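Visitor:
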Amino acid sequence: MKVEEAKQFIISKVRESGEWRGECLNMIASENVTSPLLDSVYISDFYHRYAEGDPFSRYYQGTRVFDEIERMVKTLAKDALKAKEVDLRLVSGTVANIAAISMLSKPGDSIISSSIPNGGHLSHNVMGAAGLLQNRINSFPTTEDGYHIDVDETKKLVKIINESAFTRLSMVILGGSLFLFPHPVKELSDLGKEEGFKVLYDAAHVLGLIVGGEFQQPLREGADLMSSSTHKTFFGPQGGLIAFNSKLSDESIAMFRKNVFPGVSSNHHLHRIPALGIAFLEFKKHGREYARQTVKNAKALAQALNENGLSVEAEEFGFTESHQVAVDVSKQGGGKACAQKLEESNIIVNKNSLPKENLKENPDNPKGLRIGVQELTRRGFKESEMKEIAILFKEVLVNNKNVKNKVKELTKNRKIEYTI
Numbered sequence: 140m141k142v143e144e145a146k147q148f149i150i151s152k153v154r155e156s157g158e159w160r161g162e163c164l165n166m167i168a169s170e171n172v173t174s175p176l177l178d179s180v181y182i183s184d185f186y187h188r189y190a191e192g193d194p195f196s197r198y199y200q201g202t203r204v205f206d207e208i209e210r211m212v213k214t215l216a217k218d219a220l221k222a223k224e225v226d227l228r229l230v231s232g233t234v235a236n237i238a239a240i241s242m243l244s245k246p247g248d249s250i251i252s253s254s255i256p257n258g259g260h261l262s263h264n265v266m267g268a269a270g271l272l273q274n275r276i277n278s279f280p281t282t283e284d285g286y287h288i289d290v291d292e293t294k295k296l297v298k299i300i301n302e303s304a305f306t307r308l309s310m311v312i313l314g315g316s317l318f319l320f321p322h323p324v325k326e327l328s329d330l331g332k333e334e335g336f337k338v339l340y341d342a343a344h345v346l347g348l349i350v351g352g353e354f355q356q357p358l359r360e361g362a363d364l365m366s367s368s369t370h371k372t373f374f375g376p377q378g379g380l381i382a383f384n385s386k387l388s389d390e391s392i393a394m395f396r397k398n399v400f401p402g403v404s405s406n407h408h409l410h411r412i413p414a415l416g417i418a419f420l421e422f423k424k425h426g427r428e429y430a431r432q433t434v435k436n437a438k439a440l441a442q443a444l445n446e447n448g449l450s451v452e453a454e455e456f457g458f459t460e461s462h463q464v465a466v467d468v469s470k471q472g473g474g475k476a477c478a479q480k481l482e483e484s485n486i487i488v489n490k491n492s493l494p495k496e497n498l499k500e501n502p503d504n505p506k507g508l509r510i511g512v513q514e515l516t517r518r519g520f521k522e523s524e525m526k527e528i529a530i531l532f533k534e535v536l537v538n539n540k541n542v543k544n545k546v547k548e549l550t551k552n553r554k555i556e557y558t559i
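Mapping of the sequence shown onto the working numbering: residues 140 to 559, in sequence order.
1. Bridge partners for glutamine 463 per DSSP, in chain order?
2. For the beta strand (DSSP E) containing alanine 382, name the first residue and the last one.
3. In angstroms with no decimal places, state the Cα-to-Cα distance between phenylalanine 195 and histidine 462.
4. Excluding the 5 residues flanking glycine 426 on each side, which residues of the same chain have their C-beta closer than 6 Å to its C-beta?
5. Let me know the beta strand (DSSP E) ranges lying completely inside the region 296-321, each 3 residues or longer, listed in chain order.
6. Can you name the residues that DSSP bridges to leucine 177?
7. Roughly how many whole angstroms lie between the Cα atoms of leucine 164 and isoleucine 530?
8. Would you identify the three-state DSSP class for tyrosine 340, choosing helix, strand or coil?
9. Between isoleucine 412 and leucine 227, is the Cβ-Cβ spacing less than 8 Å?
10. If contact is defined by three or more beta carbon pairs under 8 Å, each pair taking one atom from either stretch, is the region 386-402 in contact with the region 435-443?
11. In its own chain, which residues sit with a C-beta less than 6 Å from the C-beta of leucine 409, not counting the 5 before and 5 after it?
12. Checking the sheet assignment: what are the DSSP bridge partners for isoleucine 349?
13. Between which two residues does the beta strand (DSSP E) harbouring leucine 440 extend?
14. Look up glycine 84 in the DSSP assignment and say whether it is helix, strand or coil.
15. With DSSP run on the structure shown, which of helix, strand or coil describes serine 244?
16. Quick one: residues in its chain with C-beta nearer than 8 Å to the C-beta of leucine 215, no 5 flanking neighbours on either side, listed in chain order?
17. Report, in whole angstroms, the separation of the C-beta atoms of isoleucine 381 and leucine 364, which I expect to be a contact under 8 Å.
18. Along the beta strand (DSSP E) that carries serine 365, what are the first and last residues, could you check?
19. Count the other CB atoms within 10 Å of the CB of valine 153; is the residue buried (16 or more) or exposed (fewer)?
20. Which word fits proline 246, buried or exposed, when buried means at least 16 other C-beta atoms lie within 10 angstroms of its C-beta?
21. How many whole angstroms separate the CB atoms of glutamate 534 and lysine 540, which I take to be in contact at a CB cut-off of 8 Å?
22. By the three-class DSSP mapping on this structure, what secondary structure does glutamate 162 have?
23. In chain order, what are the residue ranges of uninterrupted alpha helix (DSSP H) at least 4 long that sit wholly in the region 206-251?
24. Where does isoleucine 255 fall in DSSP's three states?
25. From the DSSP output, in three-state form, read off threonine 281 for me.
26. Is glycine 335 buried or exposed, if buried means 16 or more other CB atoms sit within 10 Å of its CB?
27. Across which residues does DSSP place arginine 275 in a beta bridge pair?
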């Protein structure tokens, strides 16, 4: 392919994807969209620059203006997250987890986290960051429904680990990828004081709900560290952060932050930081309203899907307290098949394993779908439209119809809301 031909191919495909996604119901639970204002400061001269170290204590010259911005954004972040200190130099949520796990454990230590079927993230498990750091991974016991950590059984597991001659529990990781309900932060933080382990809360999926006051407050409830990405329910640029509890000493925080730099970062993609500041300002003005509407939409969608004959998980608990809805579509052909059918109708979701599922039986086609409403909420969708969307799901998955034209009509002329 010649240079000009290849150039036009790239340009046209970028345009094609943007136009197509604008005609889709984008319901991947780990995505969101940024505002035009944020986009206007995202690509700038900072895109080309380096600034190793902390503001006004860099290893490079020429960073004065950026230092002023990063200092202000850190102040916004600490205020929003109610944290003693915040490190914004993580370039993704997984990199934040690598740094945070290495802060609280050493190779050979035991960790307890949620298994993949029970909602845990890859980075919390043996195939991801925790395993890469040579930790011994144990899974949280859950209640019968699979969506809640069983605190009493966890206490027994902690005793077993700590009585072992080979290892000791250094930390537990809360949060996850399938995250419908708050986790028992206070209970496990109190247990950690007795048993000598720390609590890391991975807020990647629910950061916007936390900042908006519509989910639990992990640091206030006792988590030592809170890691997160910055682009799911929190509609910032892609990146990561770690927030530190006020109970930690300045010396401990300074020591921990060495695991960020020089540990897992050199240059930290400076252009993210002004954009992240805009996102924190948007949340300062609209965060409570956005978070409240997001949870309302998730509940409305779950109820409507259930009423339309789909098997929505956790009905006995009100379906969800977050932006996510989990649906068992094993009777409709499984998660992979259903996600593909929905994509043909411009409805974008992902296949997902469900609690207690044996992934060895059919790892490529798990039972469930994971659905997120945070991006639709940003585009102005409300509860009444969740009911319309539930009918579209039924048309596709139960009645085997293609509803692409209806989706295009529903997404027409949508603007991004909750901006400044």
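Glycine residues also receive a C-beta, built at the ideal position from the N, C-alpha and C atoms.
Source: prediction; values computed, not measured.
Guide: Let me lay it out:
1. Gly511
2. Alanine 382 -> beta strand (DSSP E) spans 379-383.
3. Taken atom to atom, the span from the alpha-carbon of phenylalanine 195 to that of histidine 462 is near 39 Å.
4. The beta carbon of glycine 426 sits closer than 6 Å to the beta carbons of Val350, Gly351 from its chain, once the five residues preceding and following it are set aside; these are given in chain order.
5. 308-313
6. Answer by DSSP bridge pairing: none, since leucine 177 is not bridged.
7. 13 Å
8. strand
9. Contact flag set, yes.
10. no
11. Phe185, Arg188, Ala190, Phe205
12. In the DSSP output, where bridge partners are listed per residue, isoleucine 349 has none listed.
13. Here leucine 440 belongs to no beta strand (DSSP E); instead the alpha helix (DSSP H) covers 411-446.
14. Because residue 84 is not part of the residues shown, which for the chain are 140 to 559, the question remains open.
15. coil
16. Gly416, Phe419, Leu420, Lys423
17. Right, their Cβ atoms sit about 6 Å apart.
18. Per the sequence shown, residue 365 should be read as methionine rather than serine. Element bounds for methionine 365: 364-368.
19. Taking every protein chain shown into account, the CB of valine 153 has fewer than 16 other CB atoms within 10 angstroms, so this residue is exposed.
20. exposed
21. 4 Å
22. coil
23. 232-243
24. coil
25. Secondary structure of threonine 281 (DSSP, three-state): strand.
26. exposed
27. Arginine 275 is bridged to Ser249.
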